[in-house]
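Heads up: the structure comes next, in structure tokens.
Residue numbers (this note's numbering), protein chains in the order written: chain A, 229 to 910; chain B, 277 to 596.
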């Protein structure tokens, strides 16, 4: 039998797509096969066999997995996170520290409000617009705040370009750092993508420890070693802040929530000491606290010392065995020496708010900083009271985290507490030796993300480039710390703005239900088609089968993910594909009814139906495209399967079905059972 | 097999009644929804939503869960049952400064219900900014769809038909939405206004115009073929000719969607149900809204007597 050229072409139209689909789907099939085998070995706990398997098939498995169809998070379980880089914070930190003033902060604040309300707008233009509106009229220029680097070009343009570059670099760097952290955390098949100008979308399949993931992703991990300076200078600065705030009428009592036992004990102690010292001081002076109730004393105390009433200050007299003496900020006379500061949990937020004020910052100056400890004091915590330490430190770090070459989470041999050991590189080790050598018997604070993790006293010069961070509550926490230290610090702080966690059981449940409903729906449709359209119905069903196979293959080719809405999209496409065929069959029936020959009817049918099919599919395509651009996550999966489905349906519905008919006609058929009434079989 | 063969139903004669009825139902629907307010999912208002399954010897009541949450200082929680009994959705609003972690919630619940095993089904956290963004994007998506589809239809057919198609679309969208809100209120299916619902609405819009296009396409063909047939008769003929196909398609789609609504699980249920309603109204609106609109316009605005004028005479008059 000789195959006419035209016929060969037609067979190819049917066979080629199927072959292509098979090829594209093969990796998925092979990968799942290998996975199953591997799982058996893992279950059997056969280490040697597992190693051998990995050696032999590891590469194949990995390559096949890359080209496989992936299951979406909602089917597999996992975490989906959208991170947003705090570009405004980045701008603030890019500015020269001592140049920051009210005007600048106001501009930033205004920018933040606008950016928070709007969408994913570019921050820099908004900032520049506000700068023009707020700062320029007050005579400020960009180079008042931002140094132009080594470039001598102080022009505004150069600065803007530099800022832009910083921002883009920071976000790209953030993506890299996040990728490193996730790699080390040990999640496979993650997706990390940039979204818009400053968002990162991360998918972590199979993970469900939400707290750990938050920690892992949101920690900036900026490590700094700073010299502790709990000296009279700091105390004098605190005094100045008190006076400033008193003059401005700022109320510290607004911070403490309800009855904070420690705070009131602290203030009562301080208040009574104030009474005591006031009484023992200049006797000619009237006691301002005389005759007041305890509550009134507390209130007055807070008003008199708006800042320092939030914490307790002690002077540590030199020498062994001396008791710390509480300090009152009544007069600006403070002995030189060592001080310590304790602040209750409830006041921490207000403390940080006050320190962030521009006027307070001016008083603090650029030399010193007041940083709070990361963890509450363990002794008091065991008694149920959360007390933190405040450290006065030199603002400029002696050493930063980029000298850390390695970090290991381990247990402290002396007390079995979890900790992280850090190794430094050559430069770092040399600097560290120098710093520790110059500061023996003094304290160095290890600061991570602006919180003091520990402030040990230097016993001797450290030459090995080793140091450690203590204070992690659990070994898991230490491990997270290890990961972020190893992966590096984020240049721009990030925040989680969207988070979805799918538990594994829900995922399995969804798959099961999706497949069952899909199967039932498919069965019903197949039956209906055969019932109503007889032989033609069978053809339509075949075409739809090819349809779905190709769609899945195309998805696999793009290494796409199948989500639950995606399955819904597939099922819907099933319905629409059927509709395309119905349109054509009804038309063919009609033409047969009008007395055309089978050949002519088929031709007419396809031709006439084409317009309607095209129009309706294009309109559905439009909505699919809109959904894709404006939706997130699983909805996108739906849009993608819908759009791919439409394209493929156009192919199978028109071309493929026609080819089926052509093949039948080529065998000389003159009648065809489309389910029409007997009288019309031409 | 053939159900509808050579039907000669005069659809358009009753069009005024149906058109009117549609308008009234739409207005009533909108009023009811406006008065009741919409139940937004956290997609659009932000918040934290935790899905928990209790498996233990005794059944757990919604009230007990709510009390446990209040006592654990997670105030302002909203508890909904989710899927089977003993599965709950706990929703907490976004409060400044508070960060609800699912582990904290799980811990408190474990303490409150010592005899139950808790499984975490899912957690969704949407920051307020993202919530607002998704909301505005949703409106944009709807508006854009309407516009693009109208333009496309106007381009492929005529502007008047584009208008007719849009009126039918808006009608379908409103009806599907209103029915969804009412069914949600009755507590049968969880149909809060979230991204899924938006996707369903957009798909309804996309598919609803499908039906309308089929009829319009037939009209386009018939008005050339039967140039001198009175307009009303020509439109009726077009509808009758496409009836078989319309019924079949709607039936297969409805079949598929019913299966998903019943068997597809909570996540797909709401989605499928909205589409189901949309499909049915879509078929109805193609006849009694889209085509009726075109007829109404030619009759009441252009003042043609459609029982007499044919397409040929109308275009001749329009050109004059």
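Glycine included, C-beta positions come from ideal geometry on N, C-alpha and C.
Note that this is a predicted model, so its numbers are computed, not measured.
For residue 651 of chain A, the uninterrupted beta strand (DSSP E) run begins and ends at 646-652, by DSSP. The contact set of residue 385 of chain B on chain A, defined by CB atoms closer than 7 Å, is empty, because the minimum CB distance reaches about 14 Å.
Neighbours of residue 512 of chain B in chain A, taken as residues whose beta carbon is under 7 Å from its own, are absent, since the nearest beta carbon is some 16 Å off. The Cβ-Cβ distance between residue 250 of chain A and residue 735 of chain A does not fall below 8 Å. Taking C-beta separations shorter than 6 Å and ignoring five residues to either side along the sequence, the partners of residue 583 of chain B in its chain run 506 and 508, following chain order. Look at the stretch 544-603 of chain A and you find these whole runs of beta strand (DSSP E), each 3 residues long or longer: 566-572 and 596-601. Under a criterion of Cβ atoms nearer than 7 Å, the residues of chain B adjacent to residue 840 of chain A are, in order, 489, 490 and 493. For a Cβ distance threshold of 7 Å, residue set 378, 398 and 399 of chain B lies close to residue 729 of chain A, ordered along the chain. Put simply, the stretch 527-534 of chain B does not touch the stretch 410-426 of chain B. Fewer than three CB pairs are less than 8 Å apart.
Contact with chain B is found for residue 744 of chain A, since one of that chain's Cβ atoms lies less than 8 Å from the residue's Cβ. Residues of the stretch 255-288 of chain A with a C-beta less than 8 Å from any C-beta of chain B: none at all. DSSP lists A:628 and A:675 as the bridge partner or partners of residue 452 of chain A.
Chain B has no Cβ within less than 8 Å of the Cβ of residue 433 of chain A.
For residue 749 of chain A, the C-beta contacts it makes with chain B under 8 Å involve 531, 532, 535 and 536, in order along the chain. Separation of the CB atoms of residue 622 of chain A and residue 656 of chain A is rounded to 18 Å, and the pair is thereby denied contact status at 8 Å. From the beta-carbon of residue 317 of chain B, no residue of chain A is found nearer than 9 Å; the closest lies around 12 Å away.
Taking all protein chains in view, the Cβ of residue 240 of chain A is surrounded by fewer than 16 other Cβ atoms within 10 Å, so the residue is classified as exposed. Leaving aside the five residues that flank residue 573 of chain A on each side, the residues in its chain whose CB is nearer than 6 Å to its CB run, in chain order, 614. Counting only the Cα atoms, residue 398 of chain B lies some 15 Å from residue 383 of chain B.
Residue burial annotation: residue 759 of chain A is exposed, with fewer than 16 other C-beta atoms found within 10 angstroms of its C-beta.
A distance below 8 Å separates the beta carbons of residue 420 of chain A and residue 406 of chain A.
Scanning its chain for C-beta atoms nearer than 8 Å, with the 5 sequence neighbours on each side dropped, one finds around residue 539 of chain A the residues 494, 569, 570, 571, 572, 575, 579 and 618, in chain order. In this model, residue 257 of chain A and residue 441 of chain B are separated by some 45 Å (Cα to Cα). By the Cβ-count criterion, residue 728 of chain A is buried, with 16 or more other Cβ atoms from all chains shown falling within 10 Å of its own Cβ.
Straight through space, the alpha carbons of residue 852 of chain A and residue 380 of chain B are spaced by roughly 39 Å.
Against chain B, the CB of residue 322 of chain A has no partner CB under 8 Å away; the residue lies outside that interface. For a Cβ distance threshold of 9 Å, nothing in chain B lies close to residue 782 of chain A: the least Cβ distance comes to about 20 Å. At least one CB atom of chain B sits nearer than 8 Å to the CB of residue 854 of chain A. Residue-level contact by beta carbon fails for residue 355 of chain A and chain B, as no gap is shorter than 8 Å. Distances from the CA of residue 302 of chain A to each of A:737, A:817, A:885 and A:776 were compared; the closest alpha carbon is that of A:737.
Contacts with chain A at 8 Å (Cβ-Cβ) do not include residue 561 of chain B. In this structure, the alpha-carbon of residue 714 of chain A lies about 27 Å from that of residue 425 of chain A.
For residue 735 of chain A, the uninterrupted alpha helix (DSSP H) segment begins and ends at 732-785. Taking CB atoms only, residue 565 of chain B has no neighbour in chain A less than 8 Å away.
No residue range can be given for residue 468 of chain B, since it is assigned to no beta strand (DSSP E) and is classified by DSSP as neither H nor E. Taking each of A:859, A:307, A:328 and A:801 in turn and checking the Cα distance to residue 724 of chain A, the smallest one comes out for A:307.
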